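A short worksheet on the structure shown next.
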């Protein structure tokens, strides 16, 4: 080393052997990680958080957001040591990706001609009601309704099914769908054999109503039956959605006809609605007071409630398209449409309640029973 005073080459020691001047060691170079190599910072709790950026995605509004992976440690040393590990974690797209975020992750990986990719970009727009929904929570009925509500022709709907199928092929090996199932293969385009959807009959509705006081979740099912909201729309309702003076709920996030629609509240569920909207927050919150995801609601509330009400819900094969439960949360919406059919009234008003613009879509949701047909033939 060089002596600070005499400038002579001296041994690495606390003092210069020639002039006796005290030597000061240069402070160690500050270690910094380069851009994209991760960060470590101290939390208010005194612990340290290691964070790495795994990618970026574009929101539907055009903003740029980061995908990150992080972990909290007791000491800074542990956090710094973990940064390379976080970066080397087997590359999976985060499981909380929404439908649109997954689309953004998939898009650069697909190789096809410009015209084909333009068709996919155009078709995916009609899945916009699902953009914010976690991809793992998207169900077959969600996909089918988006395709059914597409205002364009068969070709666009086929492209919608194709792009959904490709997204599933991207998601399955990355374990982004719990059951590894490509639901797009079960979607049907107009004119193809479709999955038959069941409605609850009068006896089942009565059982659910009688169980409201004793079965957790029975009240949610009954409210869904008598409002006709799509399951994801119902779970998004809050206390602010209810207008007590007008006795109506405002909600919906599907088509232009269905978005922000007003649904009058039946006297049969008015007390349930008013009790649920007495405090701020979601109309039907989870155990932590937060909105349910559709998948969690289905598995933790809907299926157990049906069983407790004494309603059998077998897993069956429908129209050769795969196994599924006979009754799902979408059954409530189909039941609402079927109940509407029995009530004399203008089709325009019924379309307003369902959030549809087409009478064909209203009839698609309505079941036909032999008793209803007898009412017609007996009146001839």
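Numbering (my numbering), first residue to last: 79 to 458. Don't be surprised by glycine CBs; every beta carbon is placed ideally from N, CA and C. Since the model is a prediction, treat every value here as computed from it, not as a measurement.
Would you kindly work out how many angstroms separate the C-alpha atoms of residue i and residue j, rounded to a whole number?
i           : j           : result
residue 217 : residue 353 : 30 Å
residue 207 : residue 155 : 45 Å
residue 363 : residue 130 : 33 Å
residue 348 : residue 385 : 25 Å
residue 250 : residue 244 : 10 Å
residue 389 : residue 297 : 15 Å
residue 242 : residue 181 : 9 Å
residue 263 : residue 432 : 27 Å
residue 355 : residue 174 : 29 Å
residue 92  : residue 148 : 43 Å
residue 445 : residue 404 : Annotation note: pLDDT 49 at residue 445 (below 50); position unreliable, coordinate value reported separately. The straight-line gap from Cα to Cα measures roughly 15 Å.
residue 127 : residue 256 : 28 Å
residue 280 : residue 373 : 26 Å
residue 178 : residue 266 : 22 Å
residue 157 : residue 358 : 39 Å
residue 292 : residue 211 : 31 Å
residue 306 : residue 392 : 23 Å
residue 311 : residue 411 : 11 Å
residue 457 : residue 423 : Low local confidence applies: a pLDDT of 48 at residue 457 is under 50, so the model's placement there is unreliable, and no value is given.
residue 89  : residue 124 : 42 Å
residue 366 : residue 240 : 38 Å
residue 381 : residue 119 : 44 Å
Can you round the beta-carbon distance between residue i and residue j to whole angstroms, since I take them to be within the 8 Å contact cut?
i           : j           : result
residue 414 : residue 304 : 7 Å
residue 215 : residue 416 : With a Cβ gap of about 26 Å, residue 215 and residue 416 do not count as contacting.
residue 151 : residue 176 : Contact flag wrong, Cβ pair sits at about 29 Å.
residue 162 : residue 309 : No, residue 162 and residue 309 are not in contact; Cβ-Cβ is about 43 Å, not under 8 Å.
Among all the DSSP beta bridges, which residues are the ones paired with residue i?
i           : result
residue 225 : Its beta-bridge partners do not exist; DSSP assigns none.
residue 321 : 326
residue 381 : Bridge partners of residue 381: none, in fact.
residue 128 : 118 and 149
residue 100 : 93
residue 316 : 360
residue 59  : With the chain covering 79 to 458 only, the question about residue 59 has no answer from this structure.
residue 341 : 327
residue 87  : 80
residue 186 : Bridge partners of residue 186: none, in fact.
With a threshold of 8 Å on Cβ separation, who are the neighbours of residue i within its own chain once the five nearest residues in sequence on each side are excluded?
i           : result
residue 326 : 320, 340, 341, 342 and 343
residue 200 : 234 and 237
Leaving out five residues before and five after residue i in sequence, what residues of the same chain have Cβ atoms less than 6 Å from its Cβ?
i           : result
residue 295 : 379 and 383
residue 248 : 184
residue 323 : none
residue 84  : 96 and 97
residue 360 : 316 and 369
residue 336 : Residue confidence for residue 336 is low, a pLDDT of 41 falling below 50, so the modelled location carries little weight; the figure read from the coordinates is stated next. The answer, listed in chain order, is 330 and 433.
For residue i, which of helix, strand or coil comes out of DSSP?
i           : result
residue 268 : coil
residue 255 : coil
residue 310 : helix
residue 70  : With the chain covering only 79 through 458, there is no way to say anything about residue 70.
residue 212 : strand
residue 369 : strand
residue 387 : coil
residue 162 : helix
Looking only at its own chain, which residues have a Cβ that is under 7 Å from the Cβ of residue i, when we skip the five neighbours before and after it?
i           : result
residue 228 : 204, 234, 235 and 238
residue 86  : 96
residue 387 : 285, 286, 289, 293 and 296
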